[in-house]
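**Q**
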Amino acid sequence: MAATVITVAQQKGGAGKTTLAAHLAVAFTAMKRSVAIVDIDPQQSLSAWYRMREAAFGDAGAGVLASQIKGWRTKNEVDRLARDYDIVLIDSPPHMETEAKIAVRAAGLVVVPVQPSPMDLWATQPTLELARAEKVPVLIVLNRVPPRGTLAEAMIAAIGELGVPVARTRVGNRAVFASALAEGRAVGEVQPRSKAAKEIAALAKEILKAAG
Numbered sequence: 004m005a006a007t008v009i010t011v012a013q014q015k016g017g018a019g020k021t022t023l024a025a026h027l028a029v030a031f032t033a034m035k036r037s038v039a040i041v042d043i044d045p046q047q048s049l050s051a052w053y054r055m056r057e058a059a060f061g062d063a064g065a066g067v068l069a070s071q072i073k074g075w076r077t078k079n080e081v082d083r084l085a086r087d088y089d090i091v092l093i094d095s096p097p098h099m100e101t102e103a104k105i106a107v108r109a110a111g112l113v114v115v116p117v118q119p120s121p122m123d124l125w126a127t128q129p130t131l132e133l134a135r136a137e138k139v140p141v142l143i144v145l146n147r148v149p150p151r152g153t154l155a156e157a158m159i160a161a162i163g164e165l166g167v168p169v170a171r172t173r174v175g176n177r178a179v180f181a182s183a184l185a186e187g188r189a190v191g192e193v194q195p196r197s198k199a200a201k202e203i204a205a206l207a208k209e210i211l212k213a214a215g
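Under this note's numbering, the first residue of the sequence shown is numbered 4, with each subsequent residue one higher.
1. Secondary structure at I43, three-state DSSP: helix, strand or coil?
2. Do three or more CB pairs link the segment 166-176 to the segment 199-207 at distances below 8 Å?
3. Under a Cβ-count criterion, where at least 16 other Cβ atoms within 10 Å of its own Cβ denotes burial, should D82 be classed as buried or exposed?
4. Can you name the residues that DSSP bridges to V67?
5. Pick out whichever of P97, L145 and K104 has its Cα sitting closest to the Cα of G16.
6. Among A178, A136, G163 and Y53, which has the Cα closest to the Cα of Q149?
7. State the DSSP-derived secondary structure class of D87, mapped to helix, strand or coil.
8. Find the nearest neighbour of E192 within the set G19, W52, V167 and V29, judged by alpha-carbon distance.
9. What does a CB cutoff of less than 7 Å around Q1 pick up in its chain, not counting 5 residues either side in sequence?
10. Identify whether P150 lies in helix, strand or coil by the three-state DSSP scheme.
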């Protein structure tokens, strides 16, 4: 069976792209899927998290494999990993250059994290246009959602009018996401009964369903 290839993409920095990718990777392993992550973001934050995870858990980082790659080799690396893993998760760079285009083209689904703010909404359009040009389906994920407020609700409504699917699961703005990553772990491992862990678990299931 061919692997499910998911690219997490967003042109705007600070949308929580890498944080979401790391937590999803661990959530997928909890669903008994083998997971390989491909880090083509120049900041290499996902790779740094994986190295901490590998130090804490030993070889293969508790069920997750990480690969650093960039440029034209990305597609070949994804194809190679897809032969051995159930899910290949790509963390793409926060700009629409060659690497981002290759990452989108290689995917079966593009997950686009969006914070409910005007700037995030505006910055999302190039990512959606790229996915549309490559004919790859998109799922928007409302990320770092603050407690209910007039602006947040207005932005969420506006995001829903973009004409692409929006995940039912919203991910809240919670400090535990960052603190878990600082230990090389994910929220489901440090606070498995928390609302944050339940959000990520639900989102992981929803993404796999959307990816087919």
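Just so it is clear, CB atoms sit at the ideal spot from N, CA and C, and this is done for glycine as well.
**A** By the coordinates alone:
1. Sequence index remark: in the sequence shown, residue 43 carries index 40 (1-based). Here I43 sits in coil by DSSP.
2. yes
3. As a working note, residue 82 is residue 79 in the sequence shown. By the neighbour-count rule (16 or more Cβ atoms within 10 Å), D82 is not buried but exposed.
4. Translated into positions along the sequence shown, residue 67 becomes position 64. Beta-bridge pairing links V67 to V38.
5. The residue labelled residue 16 in the question sits at position 13 within the sequence shown. Here the closest residue by C-alpha is P97.
6. Counted from its first residue, the sequence shown places residue 149 at position 146. Here the sequence assigns Pro to residue 149, which means Gln is not the residue at that position. Comparing Cα-Cα distances from P149 to each of A178, A136, G163 and Y53, the minimum goes to A178.
7. Looking up residue 87 in the sequence shown gives position 84. DSSP places D87 in coil when its eight states are reduced to three.
8. As a first step, residue 192 must be located in the sequence shown, where it is residue number 189. Of G19, W52, V167 and V29, the residue nearest in Cα terms is V29.
9. Coverage of the chain is limited to positions 4 through 215, which leaves residue 1 absent and any answer about it impossible.
10. Position 147 of the sequence shown holds residue 150. Reduced to three states, the DSSP call for P150 is coil.
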